[in-house]
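Worksheet: the structure to be examined is printed underneath.
There are 2 protein chains.
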Amino acid sequence: MQDSSGSTSAQAETFASTNSGCVAGIDLGGTNLRVAISDMKGKSLAKWSCSIVGIRDANRIIDLICDGVNSLLEKRSLSRDALRAAGVGVPGIIDVDHGRVIATSYLMGWRDIPLTALLEAKLNVPVSIDNDVNVAAIGESRAGAALGAADFVFLAIGTGIGAGIVLNRQLYRGHAWMAGEVGYMLVPGVSETPAESSAPGALEMAVGGEGIKAQWRSRWSEGRSALPIDASATEIFDSALISDVIAQEVLQHSARTLAYAIYNICLVLNCPLFVLGGGVGVHPALGQAIRDVLRLRNTRAQPKVVSSSLGTEAQLMGAIYMAIEAASARP
Amino acid sequence: MQDSSGSTSAQAETFASTNSGCVAGIDLGGTNLRVAISDMKGKSLAKWSCSIVGIRDANRIIDLICDGVNSLLEKRSLSRDALRAAGVGVPGIIDVDHGRVIATSYLMGWRDIPLTALLEAKLNVPVSIDNDVNVAAIGESRAGAALGAADFVFLAIGTGIGAGIVLNRQLYRGHAWMAGEVGYMLVPGVSETPAESSAPGALEMAVGGEGIKAQWRSRWSEGRSALPIDASATEIFDSALISDVIAQEVLQHSARTLAYAIYNICLVLNCPLFVLGGGVGVHPALGQAIRDVLRLRNTRAQPKVVSSSLGTEAQLMGAIYMAIEAASARP
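In structure tokens form, the structure reads like this:
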């Protein structure tokens with residue numbers, strides 16, 4: 031566990047006005063738990079993180095979250111009463127209305143966990159939860175590349191691939207909280223073999239982080255590249271920029287496949303803006319190559335495609351804004 | 031023909047109650063114009079149609095629509111004042127807010143035609159217009175296979191392929207009125223070559239009516255089938271039901287490709303119901319074969335897929351309901 035706050039503490043102010051107090055943003059990832067506290071305008075005050083590899087018990091995760099929040103409050107000399115709300119991003123299918131994690135293939139496979147109720151009982155403040163990609167979309171819409179956009183799609187491309195869909199300034203979540211599960215999309219070139227529901231989808235198998243590494247391995251041979259056979263997606267895209275021929279092939283194939291997925295989403299939604307996020311999706315070479323493919327297709331579905339401006343902070347920022355909005359709704 | 035005189039107070043009183051009077055539903059197709067009048071509960075009173083092949087001038091189309099409406103009113107001995115509103119379905123991109131046909135590849139390529147204003151000036155009643163597939167979706171939702179459904183997709187499969195998307199009981203039309211243009215969708219097996227924006231899309235080229243006929247021609251050889259080389263999609267699917275092997279191949283390939291498109295739409299929208307319509311889409315063998323393909327895929331996106339219950343009447347019924355709703359909004 032580590033503290034990573036910046037400046038020294040200021041004495042807690044009074045928390046009577048709506049701009050007083052602080053909120054907690056929580057990024058509950060597959061391997062790491064990250065917590066931040068911020069003021070009521072979204073300015074980060076301090077951050078904390080720890081590994082959660084191998085932990086399945088929800089109560090242990092709750093305890094870790096509380097440890098993080100308490101340590102950050104203490105760090106900034108804020109009283110426990112200063113905390114006004116918390117927001118949490120969780121990978122998986124989330125019933126936002128009832129604050130439940132319906133299912134996830136991360137967190138050792140949680141099923142039907144009442145995360146909001148468990149956290150509210152411990153933190154004693156309103157807690158909002160949502161799918162991690164949706165939370166990142168909130169981050170980009172409040173403080174990132176989609177600021178001011180009424181309609182956009184946040185496409186997270188990391189190990190998995192998923193979309194956060196914002197229509198008319200609202201997250202669109204679908205009838206069973208599964209809108210935007212585009213990692214399973216079928217585009218030309220991906221495997222048509224049906225996968226188990228717990229297995230990665232066809233699109234992410236082809237062009238998620240692992241899929242890109244697999245493309246690299248299948249093309250790689252000794253002496254053809256300065257990169258090793260076990261290069262990461264980001265290293266491969268970096269090499270494509272400095273004229274590595276195999277890396278350029280992998281980049282082009284990945285960009286074409288992802289551009290097809292964006293094109294298909296755009297045909298359905300007629301959405302003017304796509305924000306590319308996630309560890310793989312933010313790479314500038316990938317964004318440019320995707321734009322080049324889309325430019326060649328017909329103009330009926332020609333969205334603007336930009337990179338996330340919050341990068342790996344998108345989810346934590348989104349969680350913070352969810353908390354600020356929850357606190358504002360319950361002054 | 032054009033009677034635009036105001037109604038007398040006695041006549042006005044006759045139609046003061048919301049259930050009095052009649053409306054016109056207009057299906058402006060690529061080759062035919064169909065008009066129906068109905069009572070205020072959607073019961074059809076009379077129908078009229080004519081060919082519009084080769085007519086580009088919007089004013090001539092307007093005159094033909096008025097001819098149709100007047101002849102139907104006369105046929106049912108209804109006064110001109112009985113007409114309370116009209117609804118129109120038009121193939122193409124429609125600005126519903128301003129009642130304009132932005133663009134269409136039918137109607138000899140109309141561009142930016144203020145159809146609502148032109149028709150209101152002649153008919154002297156409120157006129158609502160929308161994209162033909164959206165109008166058919168309204169028909170299915172008010173009186174067809176989607177009755178009572180809050181969220182569904184109407185997938186029209188004829189010469190072209192398009193989707194009418196209903197979310198939370200409202201048509202979702204996209205930021206530039208182009209949501210649901212899924213005839214361009216890229217799924218495994220379709221051509222990846224970018225098409226001109228006026229040309230058919232990749233999906234409709236593969237499995238629209240003409241695409242299915244092309245599949246048939248490429249597989250057909252003398253003596254292998256009782257059907258001729260120039261069989262229609264419907265004839266091919268009929269033959270598949272009576273064990274014609276080539277017809278079954280075409281049916282299976284078409285169903286798989288369309289099932290992939292439905293699956294992709296469902297991944298984006300997480301929509302529980304798809305209604306298959308259009309001349310090709312309503313064939314029961316196609317519906318069953320699509321359901322068989324979808325059943326093999328993972329359960330995250332497993333929508334119910336049913337056939338249109340209004341068939342070729344979906345659009346005319348939708349136009350009638352649009353008119354009834356417009357009349358109710360302006361009593």
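Residue numbers (the numbering used here), protein chains in the order written: chain A, 31 to 361; chain B, 31 to 361.
All C-beta atoms in this analysis are idealised placements derived from N, C-alpha and C, irrespective of residue type, glycine included.
A quick note: this is a predicted structure, and the numbers were derived from the prediction, not measured.
Buried or exposed: glutamate 234/B, going by 16 or more other Cβ atoms within 10 Å of its Cβ?
-> As a working note, residue 234/B is residue 204 in the second sequence. Buried.
From the DSSP output, which residues share a beta bridge with aspartate 127/B?
-> Position 97 of the second sequence, counted from the start, is the residue given in the question as residue 127/B. In the DSSP output, where bridge partners are listed per residue, aspartate 127/B has none listed.
From histidine 313/A to glycine 341/A, what does the alpha carbon distance come to, in whole angstroms?
-> Looking up residue 313/A in the first sequence gives position 283. Looking up residue 341/A in the first sequence gives position 311. So the alpha carbons of these two residues sit roughly 10 Å apart.
Within the same chain, show all residues whose beta-carbon is closer than 8 Å to that of threonine 264/A, passing over the 5 residues directly before and after it, in chain order.
-> Within the first sequence, numbered from 1, the residue matching residue 264/A stands at position 234. So the list reads Gly309, Val310, His313, once near-sequence residues are dropped.
Name the chain B residues whose beta carbon is nearer than 8 Å to that of proline 230/A?
-> For this step, residue 230/A is matched to residue 200 along the first sequence. Here the premise fails: no neighbours, minimum Cβ distance about 11 Å.
Alpha-carbon spacing of serine 135/B relative to valine 165/A, whole angstroms = Counting from one through the second sequence, the residue named residue 135/B turns up at place 105. Counting from one through the first sequence, the residue named residue 165/A turns up at place 135. One C-alpha to the other measures close to 40 Å.
Are leucine 297/A and glutamate 211/B touching if we call contact CB-CB under 9 Å?
-> As a first step, residue 297/A must be located in the first sequence, where it is residue number 267. As a first step, residue 211/B must be located in the second sequence, where it is residue number 181. Against a cut-off of 9 Å, the Cβ pair of glutamate 211/B and leucine 297/A comes out as a contact.
Counting pairs of beta carbons, one from the segment 156 to 165 of chain A and one from the segment 239 to 259 of chain A, are three or more of them closer than 8 Å?
-> no
Excluding the 5 residues preceding and the 5 following tryptophan 140/A in the sequence, name in chain order all residues of the same chain whose CB lies nearer than 6 Å to its CB.
-> Indexing the first sequence from 1 puts residue 140/A at position 110. Excluding sequence neighbours, tryptophan 140/A sits near Val131, Thr134.
Who pairs with glycine 98/B in a beta bridge, going by DSSP?
-> As a working mapping, residue 98/B is identified with position 68 in the second sequence. In the DSSP output, where bridge partners are listed per residue, glycine 98/B has none listed.
If we ignore side chains and look at the alpha-carbon of each, how far apart do isoleucine 187/A and glycine 169/B end up?
-> The residue you call residue 187/A lines up with position 157 of the first sequence. The residue you call residue 169/B lines up with position 139 of the second sequence. C-alpha separation (whole angstroms): 39 Å.
Could you please give the first and the last residue of the uninterrupted beta strand (DSSP E) stretch that includes leucine 185/A?
-> Locating residue 185/A in the first sequence gives position 155, where the first residue counts as 1. Start and end: 182 to 187.
State the DSSP-derived secondary structure class of arginine 249/B, mapped to helix, strand or coil.
-> Working through the second sequence from its first residue, we reach residue 249/B at position 219. If DSSP states are grouped into helix, strand and coil, arginine 249/B belongs with the helices.
How about proline 121/B: is its C-beta nearer than 9 Å to some C-beta of chain A?
-> Sequence index remark: in the second sequence, residue 121/B carries index 91 (1-based). Taking Cβ atoms only, chain A never reaches closer than 9 Å to proline 121/B, which makes this a no.
So, do the segment 280 to 294 of chain B and the segment 209 to 223 of chain B have three or more beta carbon pairs nearer to each other than 8 Å?
-> yes
Can you name the residues of chain A whose CB is closer than 7 Å to the CB of methionine 352/B?
-> Residue mapping note: residue 352/B aligns to position 322 of the second sequence, counting from 1. Ordered by position in chain A, no residue passes the 7 Å Cβ test against methionine 352/B, which lies about 21 Å from the chain.
Isoleucine 194/B classed as buried or exposed, judged by whether at least 16 other C-beta atoms fall within 10 angstroms | Mapped onto the second sequence, residue 194/B falls at position 164. For clarity, residue 194/B is glycine in the given sequence; the question names isoleucine instead. With 16 or more other Cβ atoms within 10 Å, it is buried.
Please classify glycine 317/A: does DSSP put it in a helix, a strand, or coil?
-> Residue 317/A sits at position 287 when you count from the first residue of the first sequence. DSSP places glycine 317/A in helix when its eight states are reduced to three.
Please list the partners that glutamate 222/A has in chain B, where partner means a Cβ-to-Cβ separation under 7 Å.
-> Counted from its first residue, the first sequence places residue 222/A at position 192. Ordered by position in chain B, the residues that pass the 7 Å Cβ test against glutamate 222/A are Pro218.
For alanine 348/A, name the three-state secondary structure that DSSP assigns.
-> Here residue 348/A refers to the residue found at position 318 of the first sequence. The question names alanine, yet the displayed sequence has glycine at residue 348/A. In the structure shown, glycine 348/A sits in a helix (DSSP, three-state: H, G or I).
Taking one C-beta from the segment 348 to 356 of chain A and one from the segment 83 to 96 of chain A each time, how about it: are there three or more such pairs within less than 8 Å?
-> no
Could you name each continuous beta strand (DSSP E) segment of 3 residues or more that falls completely within the segment 253 to 334 of chain A, going from the start of the chain to the end?
-> 303 to 307
Consider the C-beta atom of alanine 186/B and the heavy atoms of the ligand GDP; say whether any pair is separated by less than 8 Å.
-> For the ligand GDP, the structure offers nothing, since it holds no ligand at all.
CA nearest to the CA of leucine 58/B, picked from Ala277/B, Pro121/B, Ala356/B | Counting from 1 along the second sequence, the entry for residue 58/B is found at position 28. The option with the nearest alpha carbon to leucine 58/B is Pro121/B.
Along the beta strand (DSSP E) that carries leucine 201/B, what are the first and last residues, could you check?
-> Along the second sequence, one-based indexing puts residue 201/B at 171. First-last of the beta strand (DSSP E) with leucine 201/B: 200 to 202.
Under the rule that 16 or more other beta-carbon atoms within 10 Å means buried, what is valine 275/B, buried or exposed?
-> Numbered from 1 along the second sequence, position 245 holds the residue referred to as residue 275/B. Valine 275/B comes out exposed.
Where the alpha helix (DSSP H) through serine 107/A begins and ends | As a working mapping, residue 107/A is identified with position 77 in the first sequence. No alpha helix (DSSP H) holds serine 107/A; DSSP gives it neither H nor E.
Name the two residues that bound the continuous alpha helix (DSSP H) containing asparagine 164/A.
-> Start at 1 with the first residue of the first sequence, and residue 164/A comes out as number 134. Where asparagine 164/A is concerned, the enclosing alpha helix (DSSP H) stretches over 162 to 173.
Can you pull the chain A residues whose beta carbon is under 7 Å from the beta carbon of asparagine 294/B, in chain order?
-> For the purposes of this step, residue 294/B is taken as the residue at position 264 of the second sequence. Met215, Leu216, Asn294, listed in chain order.
Use the C-beta contact count for serine 68/B: other C-beta atoms within 10 angstroms, 16 or more gives buried, fewer gives exposed.
-> Here residue 68/B is taken as the residue at index 38 of the second sequence, counted from 1. By the neighbour-count rule (16 or more Cβ atoms within 10 Å), serine 68/B is buried.
Determine which residues of the segment 173 to 184 of chain A have a Cβ less than 7 Å from any Cβ of chain B, and write them out in chain order.
-> Asp181
With a Cβ-Cβ cutoff of 9 Å, do alanine 112/A and leucine 149/A count as a contact?
-> By 1-based counting over the first sequence, the position of residue 112/A is 82. By 1-based counting over the first sequence, the position of residue 149/A is 119. Result no, Cβ atoms of alanine 112/A and leucine 149/A do not sit closer than 9 Å.
Exposure label - glycine 348/B; buried when at least 16 CB within 10 Å | Position 318 of the second sequence, counted from the start, is the residue given in the question as residue 348/B. So glycine 348/B counts as buried.
Count the other CB atoms within 10 Å of the CB of asparagine 62/B; is the residue buried (16 or more) or exposed (fewer)?
-> Translated into the one-based positions of the second sequence, residue 62/B becomes position 32. It is exposed - the Cβ of asparagine 62/B has fewer than 16 other Cβ atoms within 10 Å.
Would serine 161/B pass as a contact of histidine 205/A if the rule is Cβ separation under 9 Å?
-> Sequence index remark: in the second sequence, residue 161/B carries index 131 (1-based). Sequence index remark: in the first sequence, residue 205/A carries index 175 (1-based). According to the sequence displayed, residue 161/B carries asparagine and not serine. In this structure, histidine 205/A does not lie closer than 9 Å to asparagine 161/B by Cβ.
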